[in-house]
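**Student:** Under my numbering, think of the first position of the sequence shown as 393, with each following residue one higher. We put the beta carbon where it would ideally sit given N, CA and C, even for glycine.
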Amino acid sequence: MQMTTRSILSGVAVGGLSTLALSLGGFDRAQAATILLSENFGSGAPFTEEITGSLNSSFNVTAGNVDIIGQGTGIDIYPSPPNGNYLDLNGTTSGTIASVNSFTFLPGESATLTFDFGRNTELVTVPTSAQVFLGSTLLATLNDPVGSSFTAFSQTISNPTNGTLRFASTNSGVRGIVLDNIVLTSNPAATTAVPEPSDLVGTAFAFGSVVLLKRKLSKKTVKLDRFSK
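#1: Determine the direct distance from the alpha carbon of leucine 571 to that of glutamine 523, and round the result to whole angstroms.
#2: Ignore the nearest five residues each way along the sequence and tell me which others in proline 474's own chain have a CB closer than 8 Å to its CB.
#3: From what residue to what residue does the beta strand (DSSP E) around arginine 558 run?
#4: What span of residues does the beta strand (DSSP E) with aspartate 459 cover, start to end?
#5: Quick one: is threonine 488 buried, meaning 16 or more other Cβ sit within 10 Å of its Cβ, or exposed?
#6: Could you check the C-alpha separation between leucine 576 and threonine 529 for me, to the nearest Å?
#7: Would you decide whether aspartate 459 is buried or exposed? Buried here means 16 or more other CB atoms lie within 10 Å of its CB.
#8: May I have the straight-line CA-CA distance separating asparagine 579 from valine 453, to the nearest angstrom?
#9: Would you be able to state if there are at least three C-beta pairs under 8 Å between the stretch 526 to 544 and the stretch 505 to 516?
#10: I'd like the list of long-range same chain contacts for threonine 485, defined as Cβ closer than 6 Å, with 5 residues on each side in sequence excluded.
#11: Within a Cβ cutoff of 6 Å, which residues of the same chain sit near glycine 527, ignoring the five residues on either side of it in sequence?
#12: Taking only three categories from DSSP, how would you classify isoleucine 569?
#13: Output the distance between the C-alpha atoms of glycine 418 and alanine 424, rounded to the nearest integer angstrom.
#14: If you count every other CB in all the chains shown that lies within 10 Å of the CB of serine 494, and 16 or more means buried, which is it?
#15: Checking 9 Å against the spacing of the C-beta atoms, do phenylalanine 622 and valine 492 come in under that value?
#16: Using the three-state DSSP reduction, which class does asparagine 432 fall into: helix, strand or coil?
#17: The beta strand (DSSP E) with glutamate 441 in it runs from where to where?
#18: Per DSSP, which residues does serine 546 bridge with? Please list them.
#19: Spatial neighbours of glutamate 357 within its chain, please: C-beta separation below 6 Å, excluding the five flanking residues on both sides.
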């Protein structure tokens, strides 16, 4: 009989502590990611050549010039599946685009960058390349992608530096790396939330119930021990 009572006590303790742990664990909550920039170049006029200055609401051309090409423009490098408009980093020369906004990241935040890229192979087959920067950090070098479709790029930056997002062509000539579907998000670190009053009440109730039930069962154990003598 004593073993049975002790087993009950152990089960109650484990169950109560599990409830307590679940209550306390709920105080660590991760915030949702925030989209800082999203651009697919669909709002620009079809086949716009040698763009300088303001490109659209997301990017400026800060060096050289660029082209908008794609579906319906007469220059569609990746027609299947249809991709709409996309950006060629080389107009008549190598171009650089930089985000209109400069981004500031808090300590503990990370950033995720995704985009699709390829190469403009119309008329010429010269090697193409480009570099990607966030703030002062070089994130990637894109070298002469091959294939009949866009290549998907994805990178999470654990300690992003503040500044603009930039794509810079590093090859000369009139054909370069092409870009589409650029998305930059910030990912806040998990934070410890202040517990709600209802959480505290539930935790206190769970702990108190364990203590009270253990005392009652302990008294029953003492009585049973006396009867067994």
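**Tutor:** Looking at the coordinates:
#1: Position 131 of the sequence shown holds residue 523. Position 179 of the sequence shown holds residue 571. Using only the alpha carbons, I get a separation of about 12 Å.
#2: Here residue 474 refers to the residue found at position 82 of the sequence shown. Taken in chain order, the residues that qualify are Gln463.
#3: Indexing the sequence shown from 1 puts residue 558 at position 166. Looking at the DSSP string, the run of the beta strand (DSSP E) that includes arginine 558 is 557 to 561.
#4: Taking the first residue of the sequence shown as 1, we reach residue 459 at position 67. Boundaries of the beta strand (DSSP E) harbouring aspartate 459: 451 to 462, taken from the DSSP string.
#5: For this step, residue 488 is matched to residue 96 along the sequence shown. Burial call: buried.
#6: Indexing the sequence shown from 1 puts residue 576 at position 184. Indexing the sequence shown from 1 puts residue 529 at position 137. Going by the C-alpha atoms only, they are around 15 Å apart.
#7: For the purposes of this step, residue 459 is identified with residue 67 of the sequence shown, where counting begins at 1. Residue burial is scored here from C-beta neighbours: aspartate 459 has at least 16 other C-beta atoms within 10 angstroms and is therefore classed as buried.
#8: Residue numbering aside, residue 579 sits at position 187 when the sequence shown is read from its first letter. Residue numbering aside, residue 453 sits at position 61 when the sequence shown is read from its first letter. Distance between the alpha carbons of asparagine 579 and valine 453: 27 Å.
#9: Yes: the two stretches touch, three or more of their Cβ pairs being nearer than 8 Å.
#10: For this step, residue 485 is matched to residue 93 along the sequence shown. Spatial neighbours of threonine 485 in its own chain (CB-CB distance under 6 Å, excluding positions within 5 residues in sequence) are listed in chain order as Gly456.
#11: Here residue 527 refers to the residue found at position 135 when the sequence shown is read from its first residue. Only Thr553, Asn554 and Gly555 meet the Cβ criterion.
#12: Here residue 569 refers to the residue found at position 177 of the sequence shown. Strand.
#13: Here residue 418 refers to the residue found at position 26 of the sequence shown. Here residue 424 refers to the residue found at position 32 of the sequence shown. Residue confidence is low: glycine 418 scores 49 on pLDDT, short of 50, so the model does not pin down where it sits. Its coordinate-derived value is still stated next. For glycine 418 and alanine 424, the gap between their C-alpha atoms comes out near 16 Å.
#14: In the sequence shown, residue 494 corresponds to position 102, counting from 1. Exposed, by the Cβ-count rule.
#15: A question about residue 622 goes unanswered here, because the residues of the chain that appear run from 393 up to 621.
#16: By 1-based counting over the sequence shown, the position of residue 432 is 40. Three-state result, asparagine 432: coil.
#17: What you label residue 441 is simply residue 49 of the sequence shown in a count that begins at 1. Where glutamate 441 is concerned, the enclosing beta strand (DSSP E) stretches over 440 to 446.
#18: Here residue 546 refers to the residue found at position 154 of the sequence shown. DSSP output for serine 546 lists Thr506 as bridge partner(s).
#19: Summary: the structure shown does not reach residue 357, with the chain confined to residues 393 through 621, and so no result is reported for it.
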